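Reading through the structure tokens given below for one structure.
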RNA sequence: AGGGGUAUAGUUCAGCUGGUAGAAUAACGGUCUCCAAAACCGCAGGUCGUGGGUUCAAAUCCUACUGCCCCUG
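Numbering (this note's numbering), first residue to last: 1304 to 1622.
Shown next as structure tokens:
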């Protein structure tokens, strides 16, 4: 069976993925699936820099505004939903374009990572979470060290989140997560893909991040957060842990001044961008698109199209 | 102008009575296979404002200068 085409457009926050994605979708007659863990949520528009209806310019978008802020969202759901939408898109003879900055989500779809064994049984997980609270992270890690020494060695003792997952995996599947991960790592992508990572000079990126946060506040981010709080959404929700939301909720809770909250938000966003870049550096087969090397957006698009042509995802008509 | 204070890592500060400097934070780097805008880890920064002096030895004492802060006029 021939591999189906898939285009990925990603990069750190604020590089300008959204604007480019529309031009790209129009050029290749594609439809966009958002690979963003926060834009799925309704009522969270300003803080997530969500694309507006007008900006979409008629291009169909999926996984934007699909969930209420108190719903859970995670890689598994993302993977299921995007596969579902991709099939629809293929059925229409269009090309799916994954656009967004959540590298983990992209990886899950691109390599069709196996997450089965889920059970939706969260009782063991909560039991372990309780245990860390009581006995500390080292204790939990030592339990893992006995049951699955290989995994214990690769997971730092302080990283309880991962230790818990490893133990949970062990209990639910009977296997070692270290082996599972190794298997998944060997996988080839089932798609004929092009993985574009948009990037630009670090100092300039940080500068636009800082400015964008200021703009978000001018646009009424604080009101957005107040409205969410008024609807009863609290900080323990996954959605409210998004950048811009957790900081302003803390401010509204009187934990620090607005000025401090904004500084923390800017810093957090810069750190996030850095982590995103670290992720993409590690991914194989990515095509880095350094915006600084192109005088205009049109030429960035031109470069991307030429790559898509090289990878036989599109066939350009010369002239 | 006079009096007092201060000057140490990019930043905020520690460094007791002299033995060539530490922390937080930023920066930089990394991990990641069901909370990923999350969680976690690592590393590197200082001619101690400048010039003299005392001393075996000064960030630490003395002195002059320079910058900043406060008070008085």
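For each residue, glycine too, the CB sits at the ideal point set by N, CA and C.
All values derive from a computational prediction rather than experimental measurement.
Under a 10 Å Cβ-count criterion, residue 1407 is classified as exposed, with fewer than 16 other Cβ atoms of the shown protein chains found around its own Cβ.
In this structure residue 1488 is not in contact with residue 1480, their Cβ atoms being roughly 12 Å apart against a cut-off of 8 Å. One Cα belongs to residue 1397, the other to residue 1518, and the distance between them is close to 35 Å. In this structure, residue 1321 places its C-beta atom within 8 Å of the C-beta atom of residue 1354. Under the DSSP assignment, residue 1496 falls in the beta strand (DSSP E) whose first and last residues are 1494-1502. Annotation for residue 1371: 1345 place their beta carbon closer than 7 Å to its own, counting only its chain and skipping 5 residues before and after. Distance from the CA atom of residue 1492 to the CA atom of residue 1329, rounded to whole angstroms, is 25 Å.
Residues 1552, 1555 of the same chain have their beta carbon placed closer than 8 Å to that of residue 1532, with the five preceding and five following residues left out of the count. Its Cα nearest to that of residue 1395, the residue 1307 stands out among 1366, 1307, 1462, 1340. Looking at the DSSP output, residue 1593 shares a beta bridge with 1502. For residue 1457, the enclosing alpha helix (DSSP H) stretches over residues 1452-1457. Bounds of the beta strand (DSSP E) holding residue 1313 are 1307-1313. For residue 1351, the closest of 1361, 1340, 1360, 1576 by C-alpha to C-alpha distance is 1340.
In the three-state reduction of the DSSP assignment, residue 1340 falls in the coil class, being assigned neither a helical nor a strand state. Just measuring C-alpha positions, the residue of 1366, 1400, 1347 sitting nearest residue 1335 is 1400. Per DSSP, reduced to three states, the secondary structure at residue 1614 is coil, with no helix or strand assignment. The C-alpha of residue 1411 lies about 30 Å from the C-alpha of residue 1602. Setting aside the 5 residues that flank it on each side, residue 1535 has no residue in the same chain whose C-beta is closer than 6 Å to its C-beta. Annotation for residue 1327: the continuous alpha helix (DSSP H) segment containing it runs 1320-1331. In this structure, residue 1600 keeps its C-beta atom at 8 Å or more from the C-beta atom of residue 1498. Beta-bridge partners of residue 1364 (DSSP): 1335. Residue state for residue 1540 is assigned as coil, using DSSP reduced to three classes. For residue 1400, the uninterrupted beta strand (DSSP E) run begins and ends at 1398-1402, by DSSP. The way I'd put it, the region 1448-1456 doesn't touch the region 1425-1436; fewer than three beta-carbon pairs between them come closer than 8 Å. A residue is called buried once 16 or more other Cβ atoms fall within 10 Å of its Cβ, and residue 1332, having fewer, is exposed.
For the pair residue 1388 and residue 1365, the CB atoms are nearer than the 8 Å cut-off. Your pair residue 1569 and residue 1513 checks out as a contact, with CB atoms roughly 5 Å apart and the cut at 8 Å. Nearest neighbour of residue 1314 by Cα position, chosen from 1338, 1373, 1342, 1404, turns out to be 1404. Ranked by Cα distance from residue 1465, the options 1496, 1356, 1432, 1477 are led by 1432. In terms of Cα proximity to residue 1420, the closest of 1526, 1544, 1528, 1474 is 1474. Within the same chain, Cβ atoms closer than 6 Å to the Cβ of residue 1379 are found at 1418, the five residues on either side in sequence being excluded.
For residue 1384, the enclosing alpha helix (DSSP H) stretches over residues 1378-1394. In its chain, beyond the 5 residues on either side, 1351, 1353, 1367 have a beta carbon closer than 6 Å to the beta carbon of residue 1342.
Relative to the Cα of residue 1573, the nearest Cα in the group 1318, 1312, 1309 belongs to 1318.
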